[in-house]
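Numbering (full-length UniProt numbering), first residue to last: 1 to 352.
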(Lines of atoms letter the chains of each structure in order from A and count residues from 1; the text may use other names and numbers.)
(Lines give C-alpha, C1' and ligand atoms only; values in the text may rest on other atoms or scores of the structure.)
Protein backbone atom coordinates (compact mmCIF):
# COMPACT_ATOMS: atom_id res chain seq x y z
CA UNK A 1 0.00 0.00 0.00
CA UNK A 2 2.80 2.39 0.93
CA UNK A 3 4.63 1.64 -2.35
CA UNK A 4 1.44 2.14 -4.35
CA UNK A 5 0.77 5.47 -2.69
CA UNK A 6 4.34 6.59 -3.34
CA UNK A 7 4.04 5.68 -7.01
CA UNK A 8 0.78 7.60 -7.27
CA UNK A 9 2.31 10.66 -5.64
CA UNK A 10 5.33 10.41 -7.92
CA UNK A 11 3.18 10.09 -11.03
CA UNK A 12 1.09 13.07 -9.93
CA UNK A 13 4.21 15.17 -9.40
CA UNK A 14 5.52 14.23 -12.85
CA UNK A 15 2.21 15.10 -14.51
CA UNK A 16 1.93 18.40 -12.68
CA UNK A 17 5.52 19.19 -13.58
CA UNK A 18 4.85 18.45 -17.26
CA UNK A 19 1.73 20.62 -17.18
CA UNK A 20 3.66 23.46 -15.55
CA UNK A 21 6.40 23.15 -18.15
CA UNK A 22 3.81 23.24 -20.93
CA UNK A 23 2.20 26.36 -19.46
CA UNK A 24 5.59 28.06 -19.21
CA UNK A 25 6.34 27.10 -22.82
CA UNK A 26 3.01 28.47 -24.08
CA UNK A 27 3.52 31.72 -22.17
CA UNK A 28 7.05 32.04 -23.52
CA UNK A 29 5.90 31.47 -27.12
CA UNK A 30 3.11 34.02 -26.78
CA UNK A 31 5.44 36.54 -25.17
CA UNK A 32 7.96 36.06 -27.95
CA UNK A 33 5.24 36.45 -30.58
CA UNK A 34 3.94 39.58 -28.88
CA UNK A 35 7.45 41.00 -28.70
CA UNK A 36 8.03 40.25 -32.37
CA UNK A 37 4.73 41.86 -33.34
CA UNK A 38 5.61 44.96 -31.36
CA UNK A 39 9.02 45.10 -33.02
CA UNK A 40 7.48 44.69 -36.48
CA UNK A 41 4.91 47.39 -35.75
CA UNK A 42 7.67 49.75 -34.65
CA UNK A 43 9.69 49.03 -37.79
CA UNK A 44 6.62 49.47 -40.01
CA UNK A 45 5.49 52.69 -38.36
CA UNK A 46 7.55 55.09 -40.54
CA UNK A 47 6.81 53.04 -43.69
CA UNK A 48 3.08 52.50 -43.23
CA UNK A 49 1.88 55.88 -44.59
CA UNK A 50 3.73 55.30 -47.86
CA UNK A 51 2.51 51.69 -48.04
CA UNK A 52 -1.11 52.77 -47.55
CA UNK A 53 -0.72 55.49 -50.17
CA UNK A 54 0.48 52.97 -52.74
CA UNK A 55 -2.04 50.29 -51.85
CA UNK A 56 -4.96 52.73 -52.03
CA UNK A 57 -3.99 53.80 -55.55
CA UNK A 58 -3.17 57.38 -54.56
CA UNK A 59 0.53 57.32 -55.43
CA UNK A 60 0.11 59.13 -58.75
CA UNK A 61 3.68 60.32 -59.03
CA UNK A 62 5.27 57.13 -57.67
CA UNK A 63 6.96 58.97 -54.81
CA UNK A 64 5.52 56.71 -52.11
CA UNK A 65 6.57 53.56 -53.96
CA UNK A 66 10.04 55.01 -54.41
CA UNK A 67 10.21 55.69 -50.66
CA UNK A 68 9.39 52.05 -49.96
CA UNK A 69 12.28 50.86 -52.12
CA UNK A 70 14.69 52.60 -49.75
CA UNK A 71 13.88 50.28 -46.83
CA UNK A 72 16.87 48.26 -45.63
CA UNK A 73 17.76 45.53 -43.17
CA UNK A 74 15.09 44.11 -40.89
CA UNK A 75 12.68 46.89 -41.88
CA UNK A 76 12.85 45.76 -45.48
CA UNK A 77 12.08 42.14 -44.52
CA UNK A 78 9.08 43.21 -42.44
CA UNK A 79 7.87 45.53 -45.21
CA UNK A 80 8.17 42.77 -47.80
CA UNK A 81 6.02 40.45 -45.67
CA UNK A 82 3.36 43.14 -45.42
CA UNK A 83 3.46 43.71 -49.17
CA UNK A 84 3.02 40.01 -49.88
CA UNK A 85 -0.05 39.95 -47.64
CA UNK A 86 -1.51 42.93 -49.50
CA UNK A 87 -0.91 41.52 -52.95
CA UNK A 88 -3.61 38.92 -52.39
CA UNK A 89 -6.18 41.71 -51.97
CA UNK A 90 -5.30 44.41 -54.53
CA UNK A 91 -4.96 44.55 -58.30
CA UNK A 92 -3.97 46.94 -61.05
CA UNK A 93 -1.41 49.72 -60.78
CA UNK A 94 -1.06 49.56 -56.96
CA UNK A 95 -0.21 45.86 -57.20
CA UNK A 96 2.31 46.55 -59.96
CA UNK A 97 3.96 49.24 -57.85
CA UNK A 98 4.24 46.95 -54.84
CA UNK A 99 5.66 44.15 -56.99
CA UNK A 100 8.27 46.63 -58.24
CA UNK A 101 9.23 47.30 -54.61
CA UNK A 102 9.69 43.57 -54.04
CA UNK A 103 11.81 43.32 -57.17
CA UNK A 104 14.04 46.19 -56.09
CA UNK A 105 14.43 44.57 -52.68
CA UNK A 106 15.47 41.31 -54.32
CA UNK A 107 12.51 39.42 -52.82
CA UNK A 108 11.41 37.96 -56.16
CA UNK A 109 14.91 36.72 -56.98
CA UNK A 110 15.18 35.31 -53.46
CA UNK A 111 11.91 33.44 -53.96
CA UNK A 112 13.30 31.84 -57.11
CA UNK A 113 16.29 30.67 -55.05
CA UNK A 114 14.02 29.42 -52.26
CA UNK A 115 12.13 27.12 -54.64
CA UNK A 116 15.08 24.76 -54.25
CA UNK A 117 15.38 25.22 -50.47
CA UNK A 118 15.50 22.17 -48.20
CA UNK A 119 12.71 23.74 -46.14
CA UNK A 120 9.19 22.81 -47.21
CA UNK A 121 7.83 26.04 -45.70
CA UNK A 122 10.29 28.21 -47.64
CA UNK A 123 9.54 26.41 -50.92
CA UNK A 124 5.79 26.85 -50.43
CA UNK A 125 6.13 30.53 -49.48
CA UNK A 126 8.43 31.13 -52.42
CA UNK A 127 5.91 29.67 -54.86
CA UNK A 128 3.13 31.82 -53.41
CA UNK A 129 5.22 34.99 -53.63
CA UNK A 130 6.10 34.32 -57.26
CA UNK A 131 2.43 33.87 -58.05
CA UNK A 132 1.36 37.02 -56.22
CA UNK A 133 4.13 38.91 -58.03
CA UNK A 134 2.85 37.53 -61.37
CA UNK A 135 6.42 36.47 -62.11
CA UNK A 136 5.92 35.03 -65.60
CA UNK A 137 9.59 34.10 -65.97
CA UNK A 138 9.21 31.65 -63.08
CA UNK A 139 6.56 29.51 -64.83
CA UNK A 140 9.01 26.70 -65.77
CA UNK A 141 10.24 26.51 -62.18
CA UNK A 142 6.70 26.47 -60.80
CA UNK A 143 5.76 23.73 -63.25
CA UNK A 144 8.67 21.72 -61.92
CA UNK A 145 7.43 22.38 -58.38
CA UNK A 146 4.15 20.64 -59.27
CA UNK A 147 6.09 17.43 -58.72
CA UNK A 148 7.48 18.44 -55.33
CA UNK A 149 7.51 15.77 -52.62
CA UNK A 150 5.37 18.03 -50.40
CA UNK A 151 1.68 18.48 -51.18
CA UNK A 152 1.85 21.97 -49.64
CA UNK A 153 4.46 22.99 -52.19
CA UNK A 154 2.52 21.37 -55.04
CA UNK A 155 -0.60 23.27 -54.00
CA UNK A 156 1.32 26.53 -53.74
CA UNK A 157 2.85 26.02 -57.17
CA UNK A 158 -0.57 25.39 -58.73
CA UNK A 159 -1.97 28.43 -56.92
CA UNK A 160 0.89 30.55 -58.26
CA UNK A 161 0.44 29.29 -61.81
CA UNK A 162 -3.24 30.16 -61.60
CA UNK A 163 -2.41 33.70 -60.52
CA UNK A 164 0.10 34.11 -63.35
CA UNK A 165 -2.49 32.72 -65.76
CA UNK A 166 -0.13 31.54 -68.49
CA UNK A 167 -1.97 28.84 -70.52
CA UNK A 168 1.39 27.19 -71.21
CA UNK A 169 1.11 25.73 -67.71
CA UNK A 170 -2.37 24.28 -68.27
CA UNK A 171 -1.15 20.92 -69.55
CA UNK A 172 1.27 20.30 -66.66
CA UNK A 173 -1.33 21.38 -64.07
CA UNK A 174 -3.94 19.02 -65.51
CA UNK A 175 -1.43 16.19 -65.80
CA UNK A 176 -0.33 16.72 -62.20
CA UNK A 177 -3.74 15.54 -60.98
CA UNK A 178 -2.94 11.98 -61.96
CA UNK A 179 0.73 11.96 -61.03
CA UNK A 180 1.48 8.75 -59.10
CA UNK A 181 2.27 9.30 -55.39
CA UNK A 182 2.56 13.07 -55.89
CA UNK A 183 -0.79 13.96 -57.36
CA UNK A 184 -2.33 17.41 -57.22
CA UNK A 185 -5.79 17.70 -55.58
CA UNK A 186 -8.46 18.02 -58.26
CA UNK A 187 -10.01 21.13 -56.67
CA UNK A 188 -6.65 22.90 -56.55
CA UNK A 189 -5.93 22.10 -60.18
CA UNK A 190 -9.40 23.19 -61.29
CA UNK A 191 -9.07 26.53 -59.50
CA UNK A 192 -5.69 27.18 -61.14
CA UNK A 193 -6.92 26.23 -64.60
CA UNK A 194 -9.95 28.51 -64.27
CA UNK A 195 -7.61 31.51 -64.46
CA UNK A 196 -5.81 30.52 -67.65
CA UNK A 197 -8.21 31.85 -70.26
CA UNK A 198 -9.43 30.46 -73.57
CA UNK A 199 -6.04 29.04 -74.46
CA UNK A 200 -6.66 25.87 -72.48
CA UNK A 201 -9.58 24.49 -74.52
CA UNK A 202 -7.45 21.98 -76.42
CA UNK A 203 -5.69 20.94 -73.21
CA UNK A 204 -9.05 20.17 -71.63
CA UNK A 205 -10.18 18.25 -74.70
CA UNK A 206 -7.06 16.13 -74.58
CA UNK A 207 -7.44 15.73 -70.82
CA UNK A 208 -10.74 13.94 -71.34
CA UNK A 209 -8.75 11.08 -72.81
CA UNK A 210 -6.36 10.80 -69.86
CA UNK A 211 -5.95 7.48 -68.06
CA UNK A 212 -6.73 9.04 -64.68
CA UNK A 213 -10.47 9.47 -63.95
CA UNK A 214 -9.90 12.56 -61.77
CA UNK A 215 -8.13 14.23 -64.69
CA UNK A 216 -11.00 13.38 -67.03
CA UNK A 217 -13.51 14.68 -64.49
CA UNK A 218 -11.74 18.02 -64.06
CA UNK A 219 -11.37 18.42 -67.83
CA UNK A 220 -15.07 17.72 -68.36
CA UNK A 221 -16.13 20.04 -65.56
CA UNK A 222 -13.99 22.95 -66.73
CA UNK A 223 -15.08 22.55 -70.34
CA UNK A 224 -18.60 23.33 -69.17
CA UNK A 225 -17.53 26.11 -66.83
CA UNK A 226 -15.68 27.89 -69.62
CA UNK A 227 -18.23 27.06 -72.35
CA UNK A 228 -15.64 25.22 -74.45
CA UNK A 229 -17.81 23.48 -77.05
CA UNK A 230 -14.66 22.05 -78.66
CA UNK A 231 -14.85 19.14 -76.22
CA UNK A 232 -18.47 18.13 -76.91
CA UNK A 233 -17.57 14.95 -78.88
CA UNK A 234 -15.37 13.82 -76.00
CA UNK A 235 -18.08 14.61 -73.45
CA UNK A 236 -20.57 12.48 -75.35
CA UNK A 237 -18.09 9.62 -75.45
CA UNK A 238 -17.42 9.88 -71.72
CA UNK A 239 -21.11 9.89 -70.89
CA UNK A 240 -21.69 6.82 -73.02
CA UNK A 241 -18.79 4.64 -72.02
CA UNK A 242 -16.48 5.95 -69.31
CA UNK A 243 -15.84 3.32 -66.60
CA UNK A 244 -15.98 5.96 -63.84
CA UNK A 245 -19.47 7.01 -62.70
CA UNK A 246 -18.39 10.44 -61.48
CA UNK A 247 -16.86 11.19 -64.87
CA UNK A 248 -20.11 10.16 -66.57
CA UNK A 249 -22.18 12.38 -64.25
CA UNK A 250 -19.84 15.34 -64.78
CA UNK A 251 -20.03 14.82 -68.55
CA UNK A 252 -23.83 14.77 -68.45
CA UNK A 253 -23.85 18.06 -66.55
CA UNK A 254 -21.40 19.55 -69.04
CA UNK A 255 -23.52 18.47 -72.01
CA UNK A 256 -26.52 20.14 -70.40
CA UNK A 257 -24.61 23.42 -70.36
CA UNK A 258 -22.86 23.14 -73.71
CA UNK A 259 -24.96 20.79 -75.79
CA UNK A 260 -27.36 21.22 -78.66
CA UNK A 261 -30.78 19.86 -79.45
CA UNK A 262 -29.37 16.64 -80.83
CA UNK A 263 -27.83 15.90 -77.43
CA UNK A 264 -31.28 15.22 -75.99
CA UNK A 265 -31.16 11.69 -77.37
CA UNK A 266 -27.92 10.71 -75.67
CA UNK A 267 -29.11 12.16 -72.35
CA UNK A 268 -32.49 10.43 -72.56
CA UNK A 269 -30.73 7.16 -73.30
CA UNK A 270 -29.12 7.30 -69.86
CA UNK A 271 -32.28 8.04 -67.89
CA UNK A 272 -33.52 4.44 -68.12
CA UNK A 273 -33.81 2.41 -64.94
CA UNK A 274 -30.88 0.17 -65.83
CA UNK A 275 -28.52 3.12 -65.31
CA UNK A 276 -27.19 4.20 -61.87
CA UNK A 277 -29.67 6.48 -60.13
CA UNK A 278 -27.18 9.35 -59.69
CA UNK A 279 -26.48 9.33 -63.43
CA UNK A 280 -30.18 9.27 -64.28
CA UNK A 281 -30.70 12.34 -62.09
CA UNK A 282 -27.75 14.17 -63.66
CA UNK A 283 -29.10 13.46 -67.15
CA UNK A 284 -32.59 14.69 -66.29
CA UNK A 285 -31.16 17.95 -64.92
CA UNK A 286 -29.05 18.30 -68.06
CA UNK A 287 -32.13 17.77 -70.25
CA UNK A 288 -33.83 20.56 -68.34
CA UNK A 289 -30.82 22.79 -69.02
CA UNK A 290 -31.08 22.12 -72.74
CA UNK A 291 -34.82 22.83 -72.66
CA UNK A 292 -35.53 20.98 -75.89
CA UNK A 293 -39.17 19.86 -76.12
CA UNK A 294 -38.17 16.64 -77.88
CA UNK A 295 -37.42 15.28 -74.41
CA UNK A 296 -41.02 15.79 -73.17
CA UNK A 297 -42.21 12.16 -73.70
CA UNK A 298 -39.17 10.72 -71.89
CA UNK A 299 -39.55 13.15 -68.99
CA UNK A 300 -43.27 12.49 -68.71
CA UNK A 301 -42.53 8.78 -68.39
CA UNK A 302 -40.34 9.53 -65.39
CA UNK A 303 -43.06 11.31 -63.41
CA UNK A 304 -44.08 7.97 -61.93
CA UNK A 305 -40.57 6.76 -61.21
CA UNK A 306 -40.10 4.99 -57.85
CA UNK A 307 -37.41 7.52 -56.94
CA UNK A 308 -39.27 10.67 -55.80
CA UNK A 309 -36.29 12.93 -56.41
CA UNK A 310 -35.94 11.77 -60.01
CA UNK A 311 -39.66 12.31 -60.56
CA UNK A 312 -39.39 15.83 -59.11
CA UNK A 313 -36.42 16.64 -61.36
CA UNK A 314 -38.39 15.42 -64.39
CA UNK A 315 -41.32 17.63 -63.41
CA UNK A 316 -38.99 20.60 -62.92
CA UNK A 317 -37.51 20.06 -66.38
CA UNK A 318 -40.97 19.87 -67.94
CA UNK A 319 -41.93 23.18 -66.34
CA UNK A 320 -39.13 24.85 -68.34
CA UNK A 321 -40.41 23.54 -71.69
CA UNK A 322 -43.34 25.82 -72.31
CA UNK A 323 -46.78 24.63 -73.36
CA UNK A 324 -45.62 21.15 -74.34
CA UNK A 325 -43.99 20.56 -71.00
CA UNK A 326 -47.00 21.89 -69.09
CA UNK A 327 -49.34 19.67 -71.11
CA UNK A 328 -47.35 16.61 -70.03
CA UNK A 329 -48.10 17.48 -66.40
CA UNK A 330 -51.86 17.41 -66.89
CA UNK A 331 -53.33 14.65 -64.78
CA UNK A 332 -50.37 14.67 -62.40
CA UNK A 333 -51.44 17.72 -60.38
CA UNK A 334 -51.81 15.68 -57.22
CA UNK A 335 -48.45 13.95 -57.55
CA UNK A 336 -46.09 14.92 -54.73
CA UNK A 337 -43.21 15.31 -57.18
CA UNK A 338 -45.16 17.72 -59.38
CA UNK A 339 -46.43 19.75 -56.43
CA UNK A 340 -42.90 20.04 -55.08
CA UNK A 341 -41.54 21.09 -58.49
CA UNK A 342 -44.23 23.76 -58.88
CA UNK A 343 -43.59 25.09 -55.38
CA UNK A 344 -39.83 25.37 -55.99
CA UNK A 345 -40.46 27.08 -59.33
CA UNK A 346 -42.76 29.65 -57.74
CA UNK A 347 -40.28 30.34 -54.94
CA UNK A 348 -37.49 30.89 -57.48
CA UNK A 349 -39.66 33.31 -59.46
CA UNK A 350 -40.54 35.20 -56.29
CA UNK A 351 -36.90 35.58 -55.29
CA UNK A 352 -35.72 36.58 -58.76
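A virtual CB, placed ideally from N, CA and C, is assigned to each residue, including glycine.
N-terminal and C-terminal residue of the alpha helix (DSSP H) that residue i is part of
i           : result
residue 270 : Careful: residue 270 lies outside any alpha helix (DSSP H) and carries neither H nor E.
residue 295 : Run containing residue 295: none; DSSP gives neither H nor E here.
residue 136 : Looking at the DSSP string, residue 136 is not in any alpha helix (DSSP H), and its letter there is neither H nor E.
residue 192 : 186-194
residue 255 : 245-258
residue 337 : 336-351
residue 83  : 73-87
residue 312 : 308-319
residue 330 : Taken as a continuous stretch (DSSP letters only), residue 330 belongs to no alpha helix (DSSP H), as it is neither H nor E.
residue 48  : 48-55
residue 156 : 151-164
residue 108 : 107-114
residue 169 : First-last for residue 169: undefined, no H or E at that position.
residue 207 : 201-207
residue 179 : Premise fails: residue 179 is in no alpha helix (DSSP H) and is neither H nor E.
residue 240 : 232-241
residue 66  : 63-69
residue 223 : 213-225
Close beta carbons around residue i, own chain, < 6 Å, minus the five adjacent residues each side
i           : result
residue 165 : 195, 196
residue 213 : 244, 247
residue 293 : 321, 324
residue 169 : 139, 143, 161
residue 186 : 177, 214, 218
residue 114 : 122, 126
residue 327 : none
residue 242 : 248
residue 226 : none
Buried/exposed call for residue i, threshold 16 Cβ in 10 Å
i           : result
residue 15  : exposed
residue 56  : exposed
residue 126 : buried
residue 149 : exposed
residue 316 : buried
residue 153 : buried
residue 92  : exposed
residue 53  : buried
residue 236 : buried
residue 288 : buried
residue 21  : exposed
residue 156 : buried
residue 63  : exposed
residue 296 : buried
residue 347 : exposed
residue 74  : exposed
residue 222 : buried
residue 343 : exposed
residue 61  : exposed
residue 203 : buried
residue 50  : buried
residue 137 : exposed
Other residues of its chain near residue i: CB distance less than 7 Å, five sequence neighbours each side excluded
i           : result
residue 286 : 252, 253, 255, 256, 267
residue 95  : 87
residue 308 : 336, 337
residue 101 : 65, 68, 69, 83
residue 224 : 253, 254, 257, 258
residue 341 : 312, 315, 316, 319
residue 85  : none
residue 191 : 162
Cut-off 8 Å between Cβ atoms - residues of its own chain near residue i, not counting five sequence neighbours on either side
i           : result
residue 163 : 131, 132, 134, 195
residue 332 : 303, 315, 338
residue 120 : 150, 152, 153
residue 117 : 123, 126
Cβ pair residue i, residue j closer than 8 Å
i           : j           : result
residue 290 : residue 264 : yes
residue 79  : residue 42  : no
residue 151 : residue 189 : no
residue 282 : residue 249 : yes
residue 230 : residue 260 : no
residue 172 : residue 146 : yes
residue 300 : residue 318 : yes
residue 277 : residue 310 : yes
residue 167 : residue 199 : yes
residue 77  : residue 47  : no
Distance between beta carbons of residue j and residue i, contact taken as under 8 Å
i           : j           : result
residue 355 : residue 298 : With the chain covering 1 to 352 only, the question about residue 355 has no answer from this structure.
residue 215 : residue 174 : 6 Å
residue 111 : residue 129 : 4 Å
residue 211 : residue 178 : 7 Å
residue 239 : residue 208 : The pair is not a contact, with the Cβ atoms about 11 Å apart (cut-off 8 Å).
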